Structure formats: structure tokens, C-alpha cells
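Residue numbers (my numbering), protein chains in the order written: chain R, 11 to 334; chain E, 10 to 256.
Even for Gly, the Cβ is constructed at its ideal location relative to N, Cα and C.
Treat the numbers as computed from the prediction; the structure is a model and nothing was measured.
What follows is a short report on a single structure.
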């Protein structure tokens, strides 16, 4: 018996959220009296793989096929099934991100496993295999039990703090026989956004609403975001008006964010917007309307004109960084 | 080309969640039910556009639910679609739901299955992928643009850290998000026509659920907001550093 975890990397660098998934798998292995094995796909150096030992896995299986450098969900699923068979894995973990969401449900069907999408907790083994997840886009949580023998989990990033320890994982090559259908989707063009902080994975987010008055004022949001190393986001009316690109829209019908810090500028805080951000650890609201409902959901509030406050805040962050 | 659009019924986005029965259920008394926005605004509308352009011959809608979900599927039919089917089951397990849809889809030969990127009630986003696996079909998630030519689809989709354009052969399951289409409002003609479009009810071959939802919990109430003077942003930065420990 073992716990198997799918690890993601960008051009050979393992993603921070994958360290979280590895640590999560190792912890579950400990709770269930088994060991954790990581599965890594595509081109990556052995030293990176061995380093996964510092997050608690004893063994890393590496499928070197370079076609796996791009997401081919069926091939990823085939590799996971092969690894699960080899390791006799009863618990399989991936991330609740674009890759994990495309792969894990396939694995679940193939292995007749129940699946929890977007796990926020370790399984409660006293009650079965019960895991907490967000429902109604963060307006509530649900406790879901997996009743099948094999279990598949996608873990929500930024749910557990990382604790790096000592250790070196043993790396083993895994040969997987892929079928024609595993690479049935032909990738015509890839556009990677570089330099920007990805919103879904961001630890700090600066978000603007209608109170920013127009797209010409977004420089103020971007300046603060740049100074903090934060991603930028917006409310739905802002995306609908075309002031900002749609992928920045956060809320019940947009993206959900779970950063450590969410700074909301000129956003009133409609229930749909709050649903997308209430997984944030700390919320700062800057608004000139003292009645803005967002203040009720905030940890810190600043009452006043965003156009005046933002440059001051950016300056204060700059000063703080210099003296740190 | 035949298209199947998966429709899910969800509480309206403005719904405040209230729990009942010792937090084991959601109180849905007075809840306004809507078509899951991603299913309606993007999957359904794109299917209708493909029919209007002549690329698709048939657009069928499917939902899994008991009789109380019929007003929502009728609402979907008012936007368009030749016919709808309701799988008569009360399923809260994605594997069960996907199996019921797959069983129906298998016997009807669809080229393209469209669904929303996730439903806004349980936020799993798993049914579409499971459906693809059950149909032995490809799956493209988080599509932002879908073009169809002959027996292939060219799909722009979000990937980790960017976007890519894929070419895929039918049959394929595609989950849709913003960009795929523009939302529409049903007109009176559509609402009238929806009454006469067939809505078939199918009793599924029951498969056991592999998950069970035991209980709910509300998010903890915030301790209250600490106001900082607009003239003192140094203090805010210090609080975020020393007290909140987020920077």
C-alpha cells in the first residue's frame, strides 16, 4: 500500500504547490501507516527529484517521455494508473488546478475510485475518509466521505504551510506504454505568460473595482502589485466593461483566489464577489463608502479615495522593503 | 454534427446559504434556481451558435435531476435546443452523474459534448472529465474559443500559466468558460416554443455512489475590521507585517 502524488513542474522546476501536494501525501501516508511515492512526468533533473525527499516522499517515479512536458491529460492518467499499479496505491493525489482537474477524474473513473475535488483538509479517518472542501464557491464548506476502496483527491493550493525537512528521495525510472489515444489532442500553439504572477496561485493579490473609475487609473493598482510582488485581479463589472481582461475577474462566476493577502480597492463587496475571495487569509478593503459591505468581511479597512491612498500605500511598501 | 449540452441546476448567485437539520443539509426554501451560469452563458449559447451557422444539425440538452429541475431545463430550452432529456435521479456524486449522462450519450452518438467549466454549487468540475473517460473520448477543459470544421474542433483553452490552441477529433467533451460565447436573454418566441419542444424523462440504470456528502459548515465570522487612517499607510504596512504576518 502507498500514497501516490502527481508532481508538476515548469521547465524542470517543481512548482511550490506541488511541494504542498507532496507534503500532504507524506502526511496521509504517515496517518495511514504507509509510504508516499511521487510521480514526475517529462524532462527534469534528478537533483530536483531527489529534493522531493525534503517534503517527505521516500521514492520518486520518473517518466522521462518529453511529450509529457505539455499537458496530455490521457497520457498523464495512463502514467498515474501504471504508477498506482506498481506501487499498489490506494490513495492518489493531484493538485486542484488545470492539470489536476483534467487528469484526476479520469483516474478516478478508471480505478472506480471516489474523488474529492479541492480538498482543504487531511482525511478524518475516525469518520471514514472525510475531507473538507469549499462549496457554493466558498460561501460554505462540505464534509465529503469517500466510500470506495481506492481514493482520489485534488488538493487546493495554499491550504497548508510548507515545512521543509531533511531527506533525499530515491529516483526510479518508470517505463509506461502509451496508446495512440493518449496523445490524440494535437497542440497547435502555446502562449505562456511570463513575468506575471499567476492569479490562481498568487499569495498576494491587489484587486480593483468600479471605484477605480476607469482603466486609465489601473497604473495605480499595477504599481502597488509590482511593489508587493502581487497578482492583479478585478471585480465582474470591471471585466464586463472591458477595463481589464476576463481572466482577472474574481467572484462566483469568475476565478476563485485563496491568497494570504487580498487587497480590494473600490470594490463594494457583493455576495458574488465575496464568494470568490473569502478563502483569503487576510483581506484589506480600501473604499470611500463607509457602508460598503466589503468592510464587514475585511480584516483591515481604509476609508477614503483610492486615487490618493494607493500611491501612499505603494510608497509605504517601498519604504518597508528598504528597511527590512 | 450532433451536440449534447450538459445543464446543471444551481442556486442563483445572490443566494445566501442557510443550513438546516444539524448542518447536514442546505435550506432551499425560497431559493431561486438558475441554469449553472457556465452551462448557460457559454456551453449552451455556443451550441446554439453552431446550429445557427449550419455546423451542427442537432442540439440536445441533458440534465440529471428529479421533476423539480424541469423549470430550469425548460428555461434552457427557451434559449434554444431541439429537445431535452432529464435523467430521473437525485445524484450528488459526480461519478454517478457522469455515468448517467454517459449511458444516455452512448446510445445517441454525439460528436460534441459541451458543459460549463464547473457548477457553482459543488465546484467540482469533474463530471465533464469523467464523462469523457466513460465515452473513451478526448476532453478539453477551460475552453475560451471553440471552432468546428468537418469532424474536428479547434479549441483555445487556458493552461497552467498561459493558453494554447488544440486540434481535436470528434467525439470530444469540452468544458466552457468566458470567451466561448456571449450570454443571451431568452425572447418571448423562444419561451413559447420551449413549451412544445420535447422533454423526455429517462430512468437510469442505477450505479452506486462512491462519495457521500455528510455535513456542511459555514465559514468562520470575521473578527471585525480594524480601520486604519488613510493618512497612515505606514501603519497599515506595519500591521500586515507584524500582526497579520502576510508580508
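*Could you work out which residue in R:271, R:290 and R:118 is closest to residue 100 of chain R when comparing CA atoms only?*
R:118
*Sequence-distant residues of the same chain with beta carbon closer than 7 Å to residue 191 of chain R, five excluded per side*: 84
*Which full runs of the beta strand (DSSP E) of 3+ residues lie inside the region 258 to 308 of chain R, going along the chain?*
271 to 275 and 292 to 297
*Give the range of the alpha helix (DSSP H) segment to which residue 118 of chain R is assigned.*
108 to 120
*Does the beta carbon of residue 319 of chain R sit closer than 8 Å to a beta carbon anywhere in chain E?*
yes
*What residues in the region 111 to 133 of chain E bring their beta carbon closer than 7 Å to a beta carbon of chain R?*
129, 130, 131, 132 and 133
*Below 6 Å CB to CB, which residues in the same chain sit around residue 146 of chain E once its five sequence neighbours on both sides are set aside?*
180, 181 and 182
_8 Å Cβ cutoff, residue 245 of chain E in contact with chain R_ = yes
*What three-state label does DSSP hand residue 23 of chain R in the structure shown?*
strand
_To test your reading of the DSSP string, which unbroken beta strand (DSSP E) runs of 3 or more residues are found completely within the region 184 to 247 of chain R?_
196 to 202, 214 to 218 and 241 to 244
*Based on Cα-Cα distance, which residue from E:64, E:144, E:155 and E:241 lies nearest to residue 167 of chain E?*
E:155
*Contacts around residue 55 of chain R, its chain only, beta-carbon distance under 8 Å, and the 5 residues preceding and following it disregarded*: 22
_Opening and closing residue of the beta strand (DSSP E) in which residue 99 of chain R lies_ = 99 to 105
*Alpha carbon to alpha carbon, how far is residue 213 of chain R from residue 242 of chain R? Give it in angstroms, no decimals.*
11 Å
*With a cut-off of 8 Å, does the C-beta of residue 168 of chain E fall near any C-beta of chain R?*
yes
*Return the bridge partner residues of residue 72 of chain R from the DSSP annotation.*
R:50 and R:183
*Using a Cβ-Cβ distance under 8 Å, would residue 74 of chain E count as near chain R?*
no
*Identify whether residue 310 of chain R lies in helix, strand or coil by the three-state DSSP scheme.*
strand
*Would the beta-carbon of residue 78 of chain R fall within 8 Å of that of residue 70 of chain R?*
no
*Would you identify the three-state DSSP class for residue 224 of chain E, choosing helix, strand or coil?*
strand
*asked:* Please report the straight-line C-alpha distance between residue 296 of chain R and residue 274 of chain R, rounded to a whole angstrom.
replied: 6 Å
*asked:* Can you tell me whether residue 185 of chain R is buried or exposed? The criterion is at least 16 other CB atoms within 10 Å of its CB, across all chains shown.
replied: exposed
*Mind listing which residues of the region 147 to 180 of chain R have their C-beta closer than 8 Å to chain E's C-betas, in chain order?*
147, 148, 149, 150, 151, 152, 153, 154, 155, 156, 157 and 158
*For residue 86 of chain R, three-class secondary structure by DSSP*: helix
*Assign residue 81 of chain R to one of three DSSP states: helix, strand, or coil.*
coil
_Residues near residue 115 of chain R by beta carbon distance below 7 Å, same chain, minus five either side_ = 125
*Which partner residues does residue 12 of chain R have in the DSSP bridge list?*
R:45 and R:99
*When the Cβ atoms of the region 45 to 52 of chain R are set against those of the region 134 to 145 of chain R, are three or more pairs found closer than 8 Å?*
no
*Identify the continuous beta strand (DSSP E) that holds residue 175 of chain E and give its terminal residues.*
171 to 178
_Segments assigned beta strand (DSSP E), at least 3 residues, entirely inside the region 187 to 233 of chain E_ = 208 to 211 and 220 to 226
*Within 8 Å (strictly less), CB to CB, does residue 46 of chain E reach chain R?*
yes
*asked:* If you reduce the DSSP assignment to three classes, tell me which class residue 108 of chain E lands in.
replied: helix
*Around the C-beta of residue 198 of chain R, are 16 or more other C-beta atoms found within 10 angstroms, so that it is buried, or is it exposed?*
exposed
*In three-state DSSP terms, what is residue 184 of chain E?*
strand
*For residue 224 of chain E, which residues in chain R fall below 7 Å Cβ to Cβ?*
153
*So, residue 239 of chain E versus residue 313 of chain R, is the Cβ gap smaller than 8 Å?*
yes
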